[in-house]
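Reading through the structure tokens given below for one structure.
There are 2 protein chains.
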Amino acid sequence: MSDDNARHAEKMRKIKAARDKMMETKTEEKGLIIVHTGPGKGKSSSGFGMVMRAIQHGMGCAVVQFIKGDRDTGEKSFLRERFAEECRFFVSGEGFTWETQDKERDIAAAQAGWKIAQEQILDPAIDFVLLDEINIALRYDYLDIDEVVDFLLHQKPRMTHVCLTGRNAKPELIEAADLVTEMTLVKHPFRDGVMAQKGVEF
Amino acid sequence: MSDDNARHAEKMRKIKAARDKMMETKTEEKGLIIVHTGPGKGKSSSGFGMVMRAIQHGMGCAVVQFIKGDRDTGEKSFLRERFAEECRFFVSGEGFTWETQDKERDIAAAQAGWKIAQEQILDPAIDFVLLDEINIALRYDYLDIDEVVDFLLHQKPRMTHVCLTGRNAKPELIEAADLVTEMTLVKHPFRDGVMAQKGVEF
Numbered sequence: 001m002s003d004d005n006a007r008h009a010e011k012m013r014k015i016k017a018a019r020d021k022m023m024e025t026k027t028e029e030k031g032l033i034i035v036h037t038g039p040g041k042g043k044s045s046s047g048f049g050m051v052m053r054a055i056q057h058g059m060g061c062a063v064v065q066f067i068k069g070d071r072d073t074g075e076k077s078f079l080r081e082r083f084a085e086e087c088r089f090f091v092s093g094e095g096f097t098w099e100t101q102d103k104e105r106d107i108a109a110a111q112a113g114w115k116i117a118q119e120q121i122l123d124p125a126i127d128f129v130l131l132d133e134i135n136i137a138l139r140y141d142y143l144d145i146d147e148v149v150d151f152l153l154h155q156k157p158r159m160t161h162v163c164l165t166g167r168n169a170k171p172e173l174i175e176a177a178d179l180v181t182e183m184t185l186v187k188h189p190f191r192d193g194v195m196a197q198k199g200v201e202f
Numbered sequence: 203m204s205d206d207n208a209r210h211a212e213k214m215r216k217i218k219a220a221r222d223k224m225m226e227t228k229t230e231e232k233g234l235i236i237v238h239t240g241p242g243k244g245k246s247s248s249g250f251g252m253v254m255r256a257i258q259h260g261m262g263c264a265v266v267q268f269i270k271g272d273r274d275t276g277e278k279s280f281l282r283e284r285f286a287e288e289c290r291f292f293v294s295g296e297g298f299t300w301e302t303q304d305k306e307r308d309i310a311a312a313q314a315g316w317k318i319a320q321e322q323i324l325d326p327a328i329d330f331v332l333l334d335e336i337n338i339a340l341r342y343d344y345l346d347i348d349e350v351v352d353f354l355l356h357q358k359p360r361m362t363h364v365c366l367t368g369r370n371a372k373p374e375l376i377e378a379a380d381l382v383t384e385m386t387l388v389k390h391p392f393r394d395g396v397m398a399q400k401g402v403e404f
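First to last, the sequence lines map onto chains W and L. Taking our numbering, the leading residue of the first sequence gets 1, the next gets one more, and so forth. Taking our numbering, the leading residue of the second sequence gets 203, the next gets one more, and so forth.
Dropping the structure here:
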């Protein structure tokens, strides 16, 4: 082992010791309220990546899509066609709100989705629930933020994880959440005239 | 239809018209260089969510994991056990670098991973390549950033997408990329003594 490598090993040994010690303090297990927000990419796709992980761990999963109703996204057909047993999939919305142009219908769809979401969260067979784009419905007040936060804090079973996605998460939700990530857009190909790409955007 | 609903419909009609017009200008199709970086969650899981989408669209996929070698993550076994035909999966690293404490071995592993990555990107059967945690290898200069950027810009087939993840992405990579998202940590349960959760963190 070279001198450089020996110094590196010593430095890494120290980092590992500090990290191991830190990890020992992390002993609590509980279901998390997870929020993915911000204008960047990856809010939904990372929620679906977590569903993939949860399925593999044998956890019961449910997805409720609040807004992206009309588009045949890869993740929707992927889960519906291949993992119908492992993951329940519900669609409550009918496309982004500027596609429908009917506020009353949007509100009814959001409310129907929230009813399904509550049932899935309360179901003992379900360990992980993804509420995809629910923040859009909350932002337009199609759903009542206080009702949603109260349910998550006081009725969600202790070990159940719930992941809520969509830009413009309300401050009340961020306050209630355990794990919040903001996806920030650094650079986007739309700016250069590149269209939405299969496999990347949908 | 109520007055309120009529006003909403008119507003949404205008947004849709503006959006449709904007979308008409997005006509170019090309494979993207995608970067997920930042200290927040969702860099890898959103990469794996994109793999899920790409598989569903019938695209050939390959994953090279650069650093997370030793941990049996849900997404690794998910893809290896269930989608061995649709997605090639390679692991080049042997765990986070502070676990190995051997710089020479880490460099050799990273270089081996990059060789595989180049082969997969050049392979006409492969449309989407995820280079998971490659930014860690680049940050420690286990791989040469100029070589990697030069390959992505000049040797990557035009329609192939490559997604590179990991915190501390180098400026050269961000400059070369088409789509860059920074995941920012707003709140993390570790701070409150909650341990890493199955299905969420791994």
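For glycine and all other residues, C-beta sits at the position ideal for the given N, C-alpha and C. The structure presented is a predicted model; accordingly, all values stated were derived computationally and were not measured.
Look at the stretch 370–394 of chain L: the residues with a C-beta under 7 Å from a C-beta of chain W are I376, A379, D380, L381, V382, T383, E384, M385, T386, L387, V388, K389, H390, P391 and F392. The three-state reading of DSSP puts H390/L in coil, since its state is none of H, G, I, E or B. At least 8 Å separates the beta-carbon of G242/L from that of E29/W. Here A169/W has V35, T37 and N135 as same chain residues with Cβ atoms under 6 Å from its own Cβ, once five neighbours each way along the sequence are excluded. Closer than 8 Å to the CB of S46/W there is at least one CB belonging to chain L.
Here the C-alpha atom of E147/W lies approximately 35 Å from the C-alpha atom of V253/L. By DSSP's assignment, A117/W forms no beta bridge with any residue. When secondary structure is reduced to three states using DSSP, F128/W falls in the strand class.
The criterion of a C-beta distance shorter than 8 Å is satisfied by D127/W and T160/W. A Cβ-Cβ contact shorter than 8 Å links K187/W with A379/L.
Among the residues facing chain W, S279/L is included, as its CB has a counterpart in that chain under 8 Å away. By the Cβ test, the stretch 1–16 of chain W is not in contact with the stretch 113–132 of chain W, since fewer than three Cβ pairs between them sit closer than 8 Å.
Taking 8 Å as the cut-off, the Cβ atoms of T367/L and T184/W do not count as close.
Between D150/W and the set F90/W, V129/W, A137/W and E172/W, the nearest pair of CA atoms involves E172/W. E288/L sits away from F250/L, with the two beta carbons spaced by 8 Å or more.
At a cut-off of 8 Å, the C-beta of N135/W has no neighbouring C-beta in chain L.
Legend: CB atoms of the stretch 345–356 of chain L lying less than 7 Å from CB atoms of chain W are not found in any residue. Just measuring C-alpha positions, the residue of N5/W, R7/W, L153/W and V63/W sitting nearest I116/W is V63/W.
In the three-state reduction of the DSSP assignment, R167/W falls in the coil class, being assigned neither a helical nor a strand state. Distance between L234/L and C365/L, taken at the CA atoms: about 8 Å. The beta carbon of D102/W sits closer than 7 Å to no other beta carbon from its chain once the five residues preceding and following it are set aside.
Assigned with DSSP and collapsed to three states, M50/W falls in helix. With contacts defined by Cβ atoms closer than 8 Å, A339/L and I269/L form a contacting pair. In the DSSP assignment, I236/L falls within the unbroken beta strand (DSSP E) covering I235 to T239.
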